[in-house]
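Asks:
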Amino acid sequence: MDGNTPGYHQVYTKQNPSTYCGAQGGLSLHSEPAANHRSHRAMITVSGGSPDKLNAIQVGWTVDKDAYGDGATRMFIFWTISSEFSDADNFVNTGCRDLLCPGFVQVDASMAPGMTFSDLSTVDGPQFDYNFAILKVKKTREN
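Heads up, the sequence shown is in numbering that gives the first Met the number 0, so the first residue is 0 and it goes up one at a time.
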């Protein structure tokens, strides 16, 4: 993919739910898109459920003027999950972003949802990436 192939691109794999442990990968970091785009992003998504009641967790980077008020490249998380209070609905009315998510537990003080990235890739120039992960944590008495 390059600047000549705009649009939505994806790579996915289907796994047996009992084998799920998480997903991780390096995503190349980029800056603000052309002026006519309001946002763009690269993300890792772990999802399950039917399309109308999709449960999903996303992590990656985004440039989103509507959400953050600027053109900075930022780390984000987003999720929509069925719970005792509501059913997930494929991000239509449920879900939350970044530190606004109830129940979100930050485990690494060196990074946080909403933080900005300063080293960004350029066309025909230096490339920078960041490793993002969504991991299932075994429940213990401490958590």
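Each residue gets a CB set at the ideal place from its N, CA and C atoms; glycine is no exception.
Can you give the Cα-Cα distance for V62 and S120, rounded to whole angstroms?
Replies: For this step, residue 62 is matched to residue 63 along the sequence shown. For this step, residue 120 is matched to residue 121 along the sequence shown. When rounded, the distance between both Cα atoms is 14 Å.
Asks: Rounded to the nearest angstrom, how far is the Cβ of Q23 from that of A132, given a contact under 8 Å?
Replies: Indexing the sequence shown from 1 puts residue 23 at position 24. Indexing the sequence shown from 1 puts residue 132 at position 133. About 4 Å separates the two Cβ atoms, so the contact holds.
Asks: Helix, strand or coil: how does DSSP classify A111 here?
Replies: As a working note, residue 111 is residue 112 in the sequence shown. Of the three classes helix, strand and coil, the one that applies to A111 here is coil, per DSSP.
Asks: Could you compute how far the alpha carbon of I43 sits from the alpha carbon of T79?
Replies: The residue you call residue 43 lines up with position 44 of the sequence shown. The residue you call residue 79 lines up with position 80 of the sequence shown. Rounded to the nearest angstrom, the two C-alpha atoms are 14 Å apart.
Asks: Using the Cβ count rule (16 or more neighbours within 10 Å means buried), how would you classify F103?
Replies: Your numbering for residue 103 matches position 104 in the sequence shown. Exposed, because fewer than 16 other Cβ atoms sit within 10 Å of the Cβ of F103.
Asks: Between L53 and G94, what straight-line distance do the alpha-carbon atoms span, to the nearest angstrom?
Replies: By one-based count along the sequence shown, residue 53 stands at place 54. By one-based count along the sequence shown, residue 94 stands at place 95. Going by the C-alpha atoms only, they are around 11 Å apart.
Asks: Taking the alpha-carbon positions, what's the L28 to Q57 distance?
Replies: Here the question's residue 28 lines up with position 29 in the sequence shown. Here the question's residue 57 lines up with position 58 in the sequence shown. Between L28 and Q57, the C-alpha separation is close to 16 Å.
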